[in-house]
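Everything below concerns the one structure shown next.
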């Protein structure tokens, strides 16, 4: 088992303890920069993908990384054996992160979003609920 796969296994155990159905890890810093400092590379830590653009979503039984065409080959190489699937943004019928979440998580789910900008935003729950079309998400 790869180090990344072990991290995801530990994250899922913590998610189960806290009753969290999905964990969203975007690439972001306080300024929503694409190129972030080491402190803000949580997505790299949890997936192994080191590209500058991407969003990881870890669910109880599945995990995906959304990135664009610049990074498809790199992502496949870096995430090999991790259990994280490459979700090719803007290609064919690849669902967006929110579409995928709407399919994967049950109604009245608990969603955790790693975010440096939205931490104090009182509308974060409403934002994600609207994007996932789940007005009763916790």
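In this note's numbering, the protein residues as written are 17 to 154. A virtual CB, placed ideally from N, CA and C, is assigned to each residue, including glycine.
Item: On the DSSP bridge assignment, give the partners of residue 82 in chain order.; Value: 71, 103
Item: When burial is assigned at 16 or more other CB atoms within 10 Å of the CB, is residue 98 buried or exposed?; Value: buried
Item: Going by DSSP, what residues sit across from residue 39 in a beta bridge?; Value: 74, 128
Item: Please report how far the alpha carbon of residue 109 lies from the alpha carbon of residue 84, in whole angstroms.; Value: 14 Å
Item: Using a 10 Å radius around the Cβ and a threshold of 16 neighbouring Cβ atoms, would you call residue 49 buried or exposed?; Value: exposed
Item: Can you say whether residue 122 is buried or exposed, counting buried as having 16 or more other CB atoms within 10 angstroms of its CB?; Value: exposed
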